[in-house]
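Shown next, in structure tokens, is the structure this report addresses.
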Amino acid sequence: MRTHTDEKPFKCNLCDYCCTTKFVLRVHIRKHTGEKPFKCNICDYCCTTKARLIIHMRKHTGEKPFKCNMCNCCCITNSNLKSHMRTHTGEKPYKCTICDYCCTTKSHLKSHMCKHTGEKPFKCNMCDYCCSTNSDLKRHMRTHTGEKPYKCSICDYCCTTMSHLKSHMRTHTREEPL
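To convert, note that position 115 of the sequence shown is 159 in my numbering; the numbers rise steadily by one, no gaps.
Structural data, given as structure tokens:
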């Protein structure tokens, strides 16, 4: 019922955060403590809620229960499906307050804002590298792990980025680079 009244009686004693339930507050406090009690039994991922662990496990199982009714796309979360649907509708509800950039997701806007602020919040824990997007950090981490997830379907070539694979594929099709 508090959802309709905007009443938020549960207050964090470490910051200004307020919420509607004790459970939500307990999860919030884990941001301060760093506690991540839910652990994946396949990889080293751990998180603050069981719901997040269930979503993470879909990456291992390949389960994508949320299906687009306009194309073949299937998503791991309903939120990802909502973002995907914007590719069909053209809706870009997230707008930059500094320039005319607009996009389909809050995370894309947050990354874009780093261009204006110069902020690089994503930091490598193995070297001094910093960047403005999580995807850039993931790509960088492959220089440490040696992971090459992009594989050629014609030969044994594999690489760290999709752009490198596309460039490689031209060697098979004899296409000139753009």
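Note that the Cβ used here is the ideal one computed from N, Cα and C, for glycine as well.
- Message: If I follow the unbroken alpha helix (DSSP H) through S123, where does it start and stop?
- Response: N122 to T133
- Could you name the residues of the same chain whose beta carbon sits closer than 7 angstroms to that of T205, not counting the 5 residues immediately before and after it, in chain order? R183 and Y194
- Task: Can you grab the Cα-Cα spacing for the pair C59 / I73, in whole Å?
- Result: 9 angstroms
- Task: Whole angstroms is fine: what's the gap from C115's alpha carbon to P53's?
- Result: 44 angstroms
- Task: Quick one: measure Cβ to Cβ for T177 and S197, integer angstroms, because I've assumed they're closer than 8 angstroms.
- Result: Between S197 and T177 the Cβ distance is about 28 angstroms, and since that is not below 8 angstroms, they are no contact.
- Query: With which residues is F54 paired in a DSSP beta bridge?
  - Reply: C63
- Message: Considering only DSSP beta bridges, list what K195 is partnered with.
- Response: C202
- Task: Go to R31, then tell me how far its alpha helix (DSSP H) extends in each direction, as first and last residue.
- Result: Nothing can be reported for residue 31, as the shown portion of the chain is limited to 45 through 222.
- Item | R70 versus K192: straight-line alpha-carbon distance, rounded | 39 angstroms
- Query: Is the distance from the Cβ of T93 to the Cβ of K80 below 7 angstroms?
  - Reply: no
- Going by C-alpha distance, which of S207, K126 and G134 is nearest N113? K126
- Candidates T65, S211, M101 and A95: which alpha carbon is nearest D88's? M101
- Please report the residue range of the alpha helix (DSSP H) in which M101 lies. K94 to T105
- With 16 other CB atoms within 10 Å as the buried threshold, where does T105 fall? exposed
- Message: Using CA atoms only, rank isn't needed, just tell me which of T189, I98 and N57 is closest to I86.
- Response: I98
- Item | Best match in D180, C117 and H160 for proximity to K167 [C-alpha to C-alpha] | D180
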